[in-house]
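Accompanying notes for the structure given below.
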Amino acid sequence: MNISKKLMLIVILTTAEVSITVYSAFEIAKGAKFHQLNFLHLKYVHQLTKSVKKIENNIPIDINTIESDILLIRQQPIGCIEEINFLNHAIMKAINTDHTLTICENDIEIANETLLSLDRYRKGELSREAFLLNLNTSLNGFNKNSEMFEEPIRKTVSFVLMTLIPLVLIISFFNIIFISYLSRTISSSIRNLTLLLSSKPDSTINLDDELDIKTSGELKALVIAARQRIKNDLLNIENSIELKEIINSQTASLQQANDELAQFAYRASHDLKSPLSGAKSLANFVIEDIKAGETEEASRNALVIYQQMEKLETLVVDILLLAKAEIGNEDRDVIDFNQLIIDMKERLTWLMKDNPCTLETTINLSVPVKSEKARFAQIIENLISNGLKYYDRDKDAPYVHFDISNEQEQLIITVTDNGIGIPEKHQSEVFDMFKRFHAETSNGSGLGMALVKKHVEYLNGEISLHSTNTGTTFEIIIPMDKLI
Amino acid sequence: MKKIKPPILIVDDNEVDRYILKRLIKEAKLELTIFEKKDGQEALEFLENYEANRKEHPDGFPPILIFLDINMPRVNGIQFLEEFSKLRKMIEISSCVVMMFSSSEREEEKKIIMGHDFVKGYLVKGTFQAADLKEKVLAVIGQHLDSI
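Chains as they are written, first to last, in this note's numbering: chain F, -2 to 481; chain U, 3 to 150.
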């Protein structure tokens, strides 16, 4: 049984108890009323007796007083019959006191007959003696009825007292016990739930099942609603934590990108400015030298200006390439690596002309590689030109070896040299922008390896380097699935 | 008496910039012995090799002024200043001061650089003429050039 039904039962029981108590009080009051009616009946009978006595002593008959007395007498049994309702009647019948009604009716009848004989006397149809006789007979009847009336009323009232009061007591007693029982069951189910919820988590007990078994009705509904609410709240908290993490990581990566960009802008503008301001000063010198007739110095400086401009051009081209490396180009073709190497050698003529290194290239591909040619051209050219630039003057047979092959799902490019190597402390900075590690040969833009890394990353590949003073090896591994 | 040309050191990886500075010094008619190093690493090695250099250049070592670039490979200008401040405590080069010679003017870098009390000036490449150079150099090492 749920709590609201238990509470409703308590209300019904209490209402019944109160109703019966009130009813009993009314019934007892009604008994008193009957006694009062009988007292009034006797009083008016007494008045009538006095009037009759006066007539017998030859005092003239006051017919109106007699009539009003009779009417007052008759009013009492009428009142009595009106008071007795259906339930009273049933009780009276049950305890054999229902002749009270007969007494009342008889009294009314006597009164009516007396009024009739009074009427006849008034019209002169009845003699004074006969009227007096009738009145005395009636008085006798009235007195007798009053006498008889007392007994059944007393009996009825005492019956009501004897039955209803114990009944009220029994119901009250039952009510107290039953209400205590109900309130105990309500509080104990709440207590059990509280205990269950405040107990320490136990892996052997499934709280959901326990709650399902041990609760019912409104408590079950409450638990289900609370559980749902907590679940939703937890979900919201989890979601907001996840969102926060996403925002944090995105903010961090944006911050990093921003820092990189700021660094790039600074370095790029510095490296652009440097040859420009150099050329500016040199141009000034050229003017001065021409004025002074020092044409040799002037033409030497003009050449340097030209070289500065070339350097600037290289830098601008490299910056553009780097910017482009971030953007995908849809022109993907099968790459002819033999041709690519030939083209590259042509571009590196200036470097290879006086370079003692032997350049060996090995192309060993079992499947055609389809990709953006420019990316591979830039990767290979940068790695090879670095190998050629940083050869070791102390070694007899400097070399640069380039290998490209495919193995299962991977394209592998290695560039190995026996050059001067990269000092260990600088190896982590090799792919940073604008980094140059050798004072002797620093005519590059400092962007080459950063560009290589950008391309490799774009192709979902990885680049690693191994370098000691015996030489350097770069290895690039690119998954084939992007190259078919 | 033979005129002594006070020694100075130019540390810059850019050959053109070194040439420009040398030519401006010449135009300013500053009589100096000029050493050139291509980055901070080379410069530090040159200074650390104190005894040998002292023997090799009896009147021309150590330099009394260093023109120092910032952006250089291996050891850059800022790293050089760190090492140089340690070096000053160990060897007899405390009279040597530094004048920056760079195309960059980043405030945060400048703050670190000027924090060293032996850094006496900051020249921005391409923004000065021979006369400006002379004025600044004389302000720093004028006492060594009195004989001119």
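Cβ atoms here follow ideal geometry from the backbone N, Cα and C, with glycine treated the same way.
- When 9 Å is used as the limit between beta carbons, N16 of chain U is near these residues of chain F: S271, P272, G275, S439, in chain order.
- Judged by DSSP in its simplified three-state form, L70 of chain U adopts strand.
- Rounded to whole angstroms, the Cβ separation of V449 of chain F and L380 of chain F is 7 Å, and the two are in contact under 8 Å.
- With a cut-off of 8 Å on Cβ pairs, the region 346 to 355 of chain F is in contact with the region 380 to 392 of chain F, counting three or more such pairs.
- Rounded to whole angstroms, G42 of chain U and L89 of chain U show a C-alpha spacing of 13 Å.
- Short of 7 Å from the beta carbon of P149 of chain F, and not among the five residues preceding or following it, lie these beta carbons of its own chain, in chain order: T94, H96, T97.
- Note that the C-beta distance between E369 of chain F and N326 of chain F is below 9 Å.
- Bounds of the alpha helix (DSSP H) holding Y21 of chain U are 17 to 29.
- One alpha carbon belongs to D134 of chain U, the other to H146 of chain U, and they sit about 18 Å apart.
- Interface criterion not met: the Cβ of Q253 of chain F is under 9 Å from no Cβ in chain U.
- Per DSSP, the beta bridge partners of E459 of chain F are F:I474.
- Judged by DSSP secondary structure, F103 of chain U falls within the beta strand (DSSP E) whose first and last residues are 99 to 104.
- With contacts defined by Cβ atoms closer than 9 Å, L164 of chain F and I25 of chain F do not form a contacting pair.
- For Y396 of chain F, the uninterrupted beta strand (DSSP E) segment begins and ends at 396 to 404.
- For the pair A223 of chain F and E207 of chain F, the Cα-to-Cα distance works out to about 15 Å.
- Three or more Cβ pairs closer than 8 Å define a contact, and the region 55 to 65 of chain U falls short of that threshold against the region 13 to 30 of chain U.
- According to the DSSP assignment, D414 of chain F belongs to the beta strand (DSSP E) that extends over 407 to 414.
- The CB of S278 of chain F comes closer than 7 Å to the CB of I22, G128 in chain U, given here in chain order.
- With a cutoff of 9 Å on beta-carbon distance, D14 of chain U and E38 of chain U are scored as near each other.
- In terms of Cα proximity to G138 of chain F, the closest of F:H86, F:E110, F:I174, F:E293 is F:E110.
- Counted as a single uninterrupted DSSP element, the alpha helix (DSSP H) harbouring N103 of chain F occupies residues 96 to 120.
- Contact between M101 of chain U and K122 of chain U holds: their C-beta atoms lie close to 6 Å from each other, under 8 Å.
- Under the Cβ distance rule, D61 of chain U does not count among the residues neighbouring chain F, no pair being separated by less than 9 Å.
- Residue F:A265 holds the alpha-carbon nearest to the alpha-carbon of M430 of chain F among F:P272, F:N403, F:A265, F:R390.
- Contact note: F282 of chain F reaches chain U through I22, R25, using a C-beta cutoff of 8 Å and chain order.
- Taking 7 Å as the Cβ-Cβ cut-off, the region 298 to 311 of chain F approaches chain U at V301, Q305, given in chain order.
- Against chain F, the CB of D19 of chain U has a partner CB under 9 Å away; the residue lies at that interface.
- Residue pairing for F37 of chain U: DSSP places it in a beta bridge opposite U:L11.
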